[in-house]
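**Q** Numbering-wise (our numbering), the sequence shown opens with residue 5 and increments by one. My structure is below; once you've seen it, I'll send some questions.
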Amino acid sequence: MNKDDIARAISSLDKAKGEWYRKRVSFPVDFSDIRRWAIGVYWPENPPEIFVNQDYAKKTKWGKIVAPREFNPFAWPVKADESNGGLDIGLIPHLRSMAGGTNDVYGVQIYIGDVITERSRVSEYKLTKTRLGQTLFVINESEWINQDKELVRTRFSTGVRY
């Protein structure tokens, strides 16, 4: 990564940092969505009853079907916000990138009928020298909020650009 690439990336990140730049809204979560997701996740074993058996779920502390924690209500296409908050570092020709991992913090469960809103932002970045040369670590934060304004999940994803 040359000095111009670094300056361009830092300028983009400075403009984007802390600003929510993407918003999308899921379709209402359906029992079938949860059931199929659980079957896929636990295959070839049977999924836990809390995800697929409504009679069983009524007797639990939730009193109803819940989605597995890793359930993604955006697995089915929804219209995304076209803006990227000015975060155009992906367009810089000399930058290579790789995934640096994720960390999820969970809030409330997802239930049948929930509508989840997602928004994302750059929460922090760090430029440092590694064996790959100048390396940029960018942490993106994505929040999922349900229709009752309760936090469902926050995901911190690290992108590595060099």
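Beta carbons: idealized from backbone N, C-alpha and C, even for Gly.
Return the residue from the list Ile69, Thr106, Ser16 and Ser161 that minimises the CA-CA distance to alanine 42.
**A** Among Ile69, Thr106, Ser16 and Ser161, the Cα nearest to that of alanine 42 belongs to Ile69.
**Q** Quick one: Cα of valine 119 to Cα of valine 156, how far?
**A** Roughly 11 Å between the two C-alpha positions.
**Q** Under the rule that 16 or more other beta-carbon atoms within 10 Å means buried, what is alanine 61, buried or exposed?
**A** So alanine 61 ends up on the buried side.
**Q** Between isoleucine 116 and isoleucine 38, which are expected to be in contact by the criterion C-beta below 8 Å, what is the C-beta distance as a whole number of angstroms?
**A** So it is a contact: roughly 7 Å between Cβ atoms.
**Q** Using beta-carbon positions only, say whether alanine 71 and valine 33 come within less than 8 Å of one another.
**A** For alanine 71 and valine 33, yes; Cβs fall inside 8 Å.
**Q** Since valine 70 is in the alpha helix (DSSP H), which residue starts that stretch and which ends it?
**A** It is not in any alpha helix (DSSP H) - valine 70 carries neither H nor E in the DSSP assignment.
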